[in-house]
Amino acid sequence: KLSKAVGTHAHFQSSGGDFIIHHYAGKVTYSVDGFCEKNRDVLFTDIIQVMQSSESSFIRNLFPENVSGTVRSRPTTAGSKIKTQANQLVDALMKCTPHYIRCIKPNETKKPHDWEEDRVKHQVEYLGLKENIRVRRAGYAYRRPFQKFLHRYAILTKETWPSWRGDLKQGVVHILKSVNMDDDNYQLGKTKIFIKAPESLFLLEEMRERKYDGYARVIQKAFRQYFARKQYQKLKEQASDLFLGKKERRRYSINRNFVGDYIGLDNNPALRALIGKRERVEFAQTVNKYDRRFKITKRDLILTSKCVYLIGREKVKKGPQKGYYKEIIKRKIEIENISHVSVSTHQDDFIVIHVKNDYSSLLEISFKTEFLTLLNKKFQEKANRALNIQFSDLLEFKVKKEGFGGGGTKQVKVVNGQGDQTVCKITGKILTVSIGTGLPKESRPGKRELNLRNRNSVRPLVNQKSRSSTRIVTRRNAPPPPTSNPALQLAHALESRKIAEAVNNSKNNQRTGDKMPGLTKAFLERKLSSQNKVQTNGGNPQDFLKTPEAGVAGLQRLNTRQIKPPPGGGRPKPPAKPKPALPQCKAIYAYEAQDTDELTFSVDDTITVIKQDPSGWWLGKLKGKEGLFPSNYVEII
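In this note's numbering, the protein residues as written are -1 to 635.
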């Protein structure tokens, strides 16, 4: 019957025992088995009881069911379930401010992270989302009240951040002008702003993200500087604790910042390859290494989280690189194999690294404090105990065994000398090192003080306890010696007082508009003549080297310097010139960037032209990005 009635309909398709209906959302297959039973209306209990109470026996026989023990309440139907769920959804939506809602089913498994691309595209198509977007874009795609728009984009300008105190509409216009948005891309209503192109909104969002990114970088930089200063200060205190009361400190290195890499391993890949690219370098410096005969050789000392490396250079004797020098590892000491370290109590730079069941290494490290601090830190991480540092002026260590009868022990003896430079003297198996006295053993690093006159110059501080022993040298010129004649001293004092009174009188006369009276001029002439008499009679023969007196002209110059006119005559500064508007062009063809310095644009995109070049490649700006684009793909607006 169904096939006869609608068999010729375009949306009906019969297939044996089933039939298919072409809905707007797609094809739906219906099975005829049990179709009538599934779609039969449900008779509730009260209706059956009414039919059984009928006077007609025929009607009573149609309903033989026994419903006396069943629940009389009506069961929940599918329609009532949908109605209840719809009401709950509407109540939830009314609690917020929805704009546009469309429910899309991502899968049929009802599992998270299961996305069926074809199913979602199909729903987007039959829900008409594309058509709705086209209609939306034909008008003004973005609309927002002035207050919300100003609150979101106030950070774009200094005038609107942190708060705008003027009219809301004027604040919105100020933000739009700051990003050079064209007037035809937006409209202002009574309480809302309407933006037509989504690209304009993307421009605002990108500028906002850039502002937040810039401020975040400033905060990060400030915090990193603060954290680095704290870490450096902590390292200095740890280094000071190692030597406090045990070793003298050098005067000009106690407040030095720790750098770590003094070789530049980032620019030396061959040296970096020897220790491994993934191994973190804590300290690297070129040091002096003393052999069993106390002969000095240069070595690159590198401290990592696992080992201590001594790297030297050897000349290649064979192969294509014959005659060249290459780096090789002379010695590799694992940190947990270090038994102890020996240093003297003076301010010298000698360190002896003692290794378990092996020979020791005598090194002269100028940045010994930093090296020992980092070595102690890494040793604690490996062995769960502090590094054993022994302080003695007589350092005894084992040397490397070379040939028959080699090996044995050597000694380094440190004595008091003169100056801050070490003087070495070899006597048999003993190396005598003499050096002057450094800062006291109780010295601690202090904070650096900046000179207010010259911030680039930083003077090192010494500890409060050692300041009494530090000689202070002044760099000012010494004052002139006093005159031996008391009469001349009294005359100079009186003349100085009269000159001060004359200067005050001249200032008062200038304020009232009068000229300097003749009394002051006569007084100055008498003063000059009396000074000449004093100089000719009993003055110092070296007085002619002094700067001559300035006289009345000097007083006038002094008054001119002291009374300055207000800048600009007291008038406010003129407003700054507006930025020149750059030409714009419209894309007539779509272009895909072929390189990183090119722009990608679509048809009808508006590009700001920064520079026009006769080669045919122009420099422009689109959506906050600058790049090159072909001029024959656009037309000037």
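Yeah, the Cβ is synthetic: ideal placement off N, Cα and C, and Gly gets one too.
Check each candidate in the options and name the one with the smallest Cα separation from residue i.
| i | options | result |
| --- | --- | --- |
| K188 | I45, Q168, L272 and T43 | Q168 |
| G622 | L597, S613 and I433 | L597 |
| T43 | N64, S54, S441 and G32 | N64 |
| I131 | F147, K194 and G310 | K194 |
| E334 | G406, T425, L299 and V306 | V306 |
| Y587 | N414, V607, L580 and N630 | N630 |
| I349 | H338, N355 and Q11 | H338 |
| R247 | T367, G406, P143 and V285 | T367 |
| L166 | I18, P143, V607 and K287 | P143 |
| I300 | L269, Y322 and K324 | L269 |
| I336 | A384, K324 and I363 | A384 |
| L580 | T606, P573, H352 and D602 | T606 |
| V412 | N183, Y184 and V341 | V341 |
| P443 | T82, N355 and N253 | N253 |
| V601 | Y589, V171 and K36 | Y589 |
| G32 | Y140, L360, D346 and G15 | G15 |
| K146 | S55, V170, L240 and Y323 | V170 |
| Y140 | H97, E325, S238 and K156 | H97 |
| N610 | D603, D593, P628 and T604 | What sits at residue 610 in the sequence shown is Gln, not Asn. Residue P628 is the option with its Cα nearest to Q610. |
| S358 | E379, V410 and G77 | V410 |
| K245 | L437, A271 and T75 | L437 |
| R291 | K399, Q229, Y323 and F17 | K399 |
| H344 | A226, W113, D603 and V431 | V431 |
| T604 | C583, G274, T95 and A591 | C583 |
Using the Cβ count rule (16 or more neighbours within 10 Å means buried), how would you classify residue i?
| i | result |
| --- | --- |
| F365 | buried |
| A152 | buried |
| W162 | buried |
| H21 | exposed |
| I191 | buried |
| H9 | exposed |
| A3 | exposed |
| A585 | buried |
| E312 | exposed |
| V456 | Legend: pLDDT at V456 = 41, less than 50; position of this residue unreliable, value from coordinates given subsequently. Looking at its Cβ environment, which holds fewer than 16 other Cβ atoms inside 10 Å, V456 is exposed. |
| Q283 | buried |
| F369 | buried |
| Y224 | exposed |
| S12 | exposed |
| H352 | buried |
| W159 | exposed |
| F56 | exposed |
| K128 | exposed |
| G614 | exposed |
| T371 | buried |
| V216 | exposed |
| D89 | exposed |
| D112 | exposed |
| F221 | exposed |
| H7 | exposed |
Name the DSSP bridge partner or partners of residue i?
| i | result |
| --- | --- |
| K330 | Y307 |
| H352 | H338 |
| W615 | P628 |
| T585 | As written in the sequence, residue 585 is Ala, which differs from the Thr given in the question. Looking at the DSSP assignment, A585 forms a beta bridge with V632. |
| Q259 | The displayed chain sequence assigns Asp, not Gln, to residue 259. DSSP output for D259 lists A282 as bridge partner(s). |
| D112 | DSSP lists no partner for D112. |
| C422 | V431 |
| I193 | Y140 and Y184 |
| N298 | The residue you asked about is not Asn; residue 298 is Asp in the sequence shown. For D298, which the question treats as bridged, DSSP gives the partners T284 and I309. |
Under the assumption that residue i contacts residue j (Cβ atoms under 8 Å), give the Cβ distance between them as a whole number of angstroms.
| i | j | result |
| --- | --- | --- |
| K376 | E332 | Contact doesn't hold; Cβ gap of about 11 Å is too wide. |
| E277 | T302 | 5 Å |
| D595 | L626 | 6 Å |
| L154 | K209 | 6 Å |
| G212 | E440 | Actually they are not in contact, since the Cβ atoms of G212 and E440 sit about 47 Å apart, beyond 8 Å. |
| L202 | V177 | 6 Å |
| L308 | K293 | With 8 Å as the limit, L308 and K293 do not qualify as a contact, their Cβ atoms being about 15 Å apart. |
| G434 | G417 | 5 Å |
| G618 | I608 | 6 Å |
| D346 | T425 | Not really, about 17 Å apart at Cβ, beyond 8 Å. |
| L240 | I428 | Not really, about 27 Å apart at Cβ, beyond 8 Å. |
| V279 | R297 | With a Cβ gap of about 15 Å, V279 and R297 do not count as contacting. |
| request: May I ask you to verify whether the region 100 to 113 touches the region 121 to 133, counting CB pairs closer than 8 Å and requiring at least 3? | output: Contact between the region 100 to 113 and the region 121 to 133 is present, because at least three Cβ pairs lie under 8 Å.
| said: Taking 8 Å as the cut-off, does the region 316 to 323 touch the region 247 to 267 (at least 3 CB pairs, one atom from each stretch)? | reply: Flag = no, the region 247 to 267 and the region 316 to 323 do not touch.
| field | Validate contact between the region 262 to 279 and the region 383 to 400 using beta carbons, cut 8 Å, 3 pairs | value | Because the criterion of three Cβ pairs below 8 Å is not met, the region 262 to 279 and the region 383 to 400 do not touch.
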